[in-house]
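Novice: Each protein sequence line maps, in turn, to chains B and V. Residue numbering for the first sequence follows the working numbering, beginning at 70 and increasing consecutively. Residue numbering for the second sequence follows the working numbering, beginning at 70 and increasing consecutively. The beta-carbon is built from N, C-alpha and C at its ideal position, and this holds for glycine as well.
Number of protein chains: 2
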Amino acid sequence: MKALIISADYFEDTELLFPYYRLKEEEIEVDIASLNKGKIKGKHGYEVEINKSIGEIKPAYYDILILPGGKAPELIRKEKEVHEIAKHFFEKNKPVAAICHGPQILISAGLLKQRRATCYRSVVQELKAAGAIYEDKEVVVDGNLITSRQPSDLPAFLKEIMNALKRSKS
Amino acid sequence: MKALIISADYFEDTELLFPYYRLKEEEIEVDIASLNKGKIKGKHGYEVEINKSIGEIKPAYYDILILPGGKAPELIRKEKEVHEIAKHFFEKNKPVAAICHGPQILISAGLLKQRRATCYRSVVQELKAAGAIYEDKEVVVDGNLITSRQPSDLPAFLKEIMNALKRSKS
Numbered sequence: 070m071k072a073l074i075i076s077a078d079y080f081e082d083t084e085l086l087f088p089y090y091r092l093k094e095e096e097i098e099v100d101i102a103s104l105n106k107g108k109i110k111g112k113h114g115y116e117v118e119i120n121k122s123i124g125e126i127k128p129a130y131y132d133i134l135i136l137p138g139g140k141a142p143e144l145i146r147k148e149k150e151v152h153e154i155a156k157h158f159f160e161k162n163k164p165v166a167a168i169c170h171g172p173q174i175l176i177s178a179g180l181l182k183q184r185r186a187t188c189y190r191s192v193v194q195e196l197k198a199a200g201a202i203y204e205d206k207e208v209v210v211d212g213n214l215i216t217s218r219q220p221s222d223l224p225a226f227l228k229e230i231m232n233a234l235k236r237s238k239s
Numbered sequence: 070m071k072a073l074i075i076s077a078d079y080f081e082d083t084e085l086l087f088p089y090y091r092l093k094e095e096e097i098e099v100d101i102a103s104l105n106k107g108k109i110k111g112k113h114g115y116e117v118e119i120n121k122s123i124g125e126i127k128p129a130y131y132d133i134l135i136l137p138g139g140k141a142p143e144l145i146r147k148e149k150e151v152h153e154i155a156k157h158f159f160e161k162n163k164p165v166a167a168i169c170h171g172p173q174i175l176i177s178a179g180l181l182k183q184r185r186a187t188c189y190r191s192v193v194q195e196l197k198a199a200g201a202i203y204e205d206k207e208v209v210v211d212g213n214l215i216t217s218r219q220p221s222d223l224p225a226f227l228k229e230i231m232n233a234l235k236r237s238k239s
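#1: Quick check on DSSP: helix, strand or coil for Ile-251(B)?
#2: Is there a C-beta anywhere in chain V that falls below 8 Å from the one on Tyr-203(B)?
#3: In chain order, what residues of the region 220-232 of chain B put their CB closer than 7 Å to some CB of chain V?
#4: Look at the alpha carbon of Ala-102(B) and the alpha carbon of His-113(B), and state the distance between them as a whole number of angstroms.
#5: Per DSSP, what are the beta-bridge partners of Tyr-203(B) in this structure?
#6: In chain order, what residues of the same chain have a beta carbon less than 7 Å from the beta carbon of Pro-220(B), not counting five sequence neighbours either side?
#7: Which partner residues of Lys-108(B) appear in the DSSP bridge assignment?
#8: Quick one, which residues of the region 73-86 of chain V are near chain B if we go by CB-CB under 8 Å, in chain order?
#9: Which residues in the same chain as Lys-140(V) place their Cβ atom closer than 6 Å to its Cβ, once the five residues preceding and following it in sequence are excluded?
#10: Could you run through the region 97-114 of chain B and flag, in chain order, every residue whose CB is less than 8 Å away from some CB of chain V?
#11: For the candidate residues Gln-183(B), Gly-138(B), Ile-145(B) and Lys-161(B), whose alpha-carbon lies nearest to that of Cys-169(B)?
#12: When the distance is taken between beta carbons, is Ala-77(B) closer than 8 Å to Ile-126(B)?
#13: Got a sec, what are the start and stop residues for the alpha helix (DSSP H) Ile-101(V) sits in?
#14: Compare the C-beta of Glu-118(V) against all C-beta atoms of chain B and say whether one is closer than 8 Å.
#15: Roughly how many whole angstroms lie between the Cα atoms of Gly-124(B) and Glu-229(B)?
#16: Taking only the alpha-carbon atoms, compute the straight-line gap between Ile-109(V) and Ile-119(V) and give it to the nearest angstrom.
#17: Return the CA-CA distance between Arg-236(V) and Asp-100(V), expressed in angstroms with no decimal places.
#18: The alpha helix (DSSP H) spanning Val-193(B) covers which residue range?
#19: Which bits of chain V does Lys-93(B) rub up against, with CB to CB less than 7 Å?
#20: For Tyr-90(B), return the contacting residues in chain V, with the cut-off set at a CB-CB distance below 8 Å.
#21: So, helix, strand or coil for Ser-217(B), using DSSP?
#22: In its own chain, which residues sit with a C-beta less than 6 Å from the C-beta of Ala-201(V), not counting the 5 before and 5 after it?
#23: Following the continuous beta strand (DSSP E) through Leu-134(B), name the residue where it begins and the one where it ends.
#24: Quick one: measure Cβ to Cβ for His-152(V) and Ala-178(V), integer angstroms, because I've assumed they're closer than 8 Å.
#25: Using only alpha-carbon positions, find the residue among Ile-74(V), Pro-88(V) and Ile-75(V) that is nearest to Ala-225(V).
Right, here's the structure in full:
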């Protein structure tokens, strides 16, 4: 099992770190990718090491894609390579989990039409405009797609991520 | 199952929030106690709601005690009521999990004599002086006592917390 987190500077710290630590607790390998290698810094000052640039990512290698929120998605949502990575996961029906502003990446990649999803409250209008069916719930699961609204939803978000990984295994 | 976290201002944010979210993922009830009700603020600015003051805590009600680090333990390590709570868990052989500066509370309560344990590097000397057998490992489990050194140890720390809770259940 191998997980991919894509983020950038100004990530919402707990939305990146909690999934990262949680997957490592399960001894799942996790790569954190961003525009460049080096470090990225969260809104609350936590730094994480980027071991792969987005350009180096081979999406076939990963079982799940996780998109944390914060201001990071705004910085990478226009990147064609990010869209191609996200599309791969949808085409192969592999889990994609996005929280808070994370779904902005999937909006820009044109992947949310007719999909049930949630997001941070300031993103709701553009989520609907992208053709998604918005639900105001701590976590929404629609096939391979897992979405949550905010840090306080992390327990429910991770529970569904773990359920999805168990289903992938079997 | 019911968990108790004791902390104060200047807690290490992830060391409180990751266990908190992780236990909630398992649908375990969690109380966070501090000197007073209201809010406490972490070193990185995260705020958490305190729903019980330390004086209100009935330790018999809880299955596990968790002591996050940061500067918070320094603020509460001299409190007699905190010592009494910690002693209850040791007497009843219920899990006590302390990370980073968290073991300072157990040092002050006189509970680490001849116990294998770890802690943040700046705490090592006083841990040894308190009679503990220090080990430089991501997590040390000695009977009911689970200790870790720092935030990057959280995956191993939570894995052992979950193992201890599974043992308590059976």
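Specialist: Short version:
#1: In the structure as shown, chain B begins at 70 and stops at 239. Residue 251(B) is therefore absent and cannot be evaluated.
#2: Closer than 8 Å to the CB of Tyr-203(B) there is not a single CB belonging to chain V.
#3: Within the region 220-232 of chain B, those residues whose Cβ lies closer than 7 Å to any Cβ of chain V are, in chain order, Leu-223, Pro-224, Leu-227 and Lys-228.
#4: Just so you know, the alpha carbons of Ala-102(B) and His-113(B) end up roughly 19 Å apart.
#5: According to DSSP, Tyr-203(B) bridges with Ala-186(B).
#6: Once the five neighbours on either side are set aside, the close Cβ partners of Pro-220(B) are Glu-81, Thr-83 and Glu-84.
#7: Answer by DSSP bridge pairing, in chain order: Glu-118(B).
#8: Only those residues of the region 73-86 of chain V whose C-beta falls short of 8 Å from the nearest C-beta of chain B are listed: Asp-82, Thr-83 and Leu-86.
#9: Cβ within range, chain order: Tyr-79.
#10: So the close ones are His-113 and Gly-114.
#11: Among Gln-183(B), Gly-138(B), Ile-145(B) and Lys-161(B), the Cα nearest to that of Cys-169(B) is on Gly-138(B).
#12: Result no, Cβ atoms of Ile-126(B) and Ala-77(B) do not sit closer than 8 Å.
#13: Ile-101(V) -> not in any alpha helix (DSSP H); beta strand (DSSP E) instead, spanning 98-103.
#14: False, the Cβ-Cβ gap to chain B never drops below 8 Å.
#15: Between Gly-124(B) and Glu-229(B), the alpha-carbon positions lie close to 29 Å from each other.
#16: The straight-line gap from Cα to Cα measures roughly 7 Å.
#17: Going by the C-alpha atoms only, they are around 21 Å apart.
#18: Membership of Val-193(B) in the alpha helix (DSSP H) is indicated by the continuous run 193-198.
#19: By Cβ distance, chain V contributes Pro-224.
#20: Under the 8 Å cutoff, chain V gives Thr-83, Phe-87, Leu-223, Pro-224 and Leu-227.
#21: In this structure, DSSP gives Ser-217(B) an extended state, which the three-state scheme calls strand.
#22: Answer for Ala-201(V): Leu-181, Arg-184 and Ala-186, listed in chain order.
#23: Counting along the chain, the beta strand (DSSP E) containing Leu-134(B) begins and ends at 133-136.
#24: Their Cβ separation, rounded to whole angstroms, is 4 Å, which keeps His-152(V) and Ala-178(V) in contact under 8 Å.
#25: Closest by alpha carbon: Pro-88(V).
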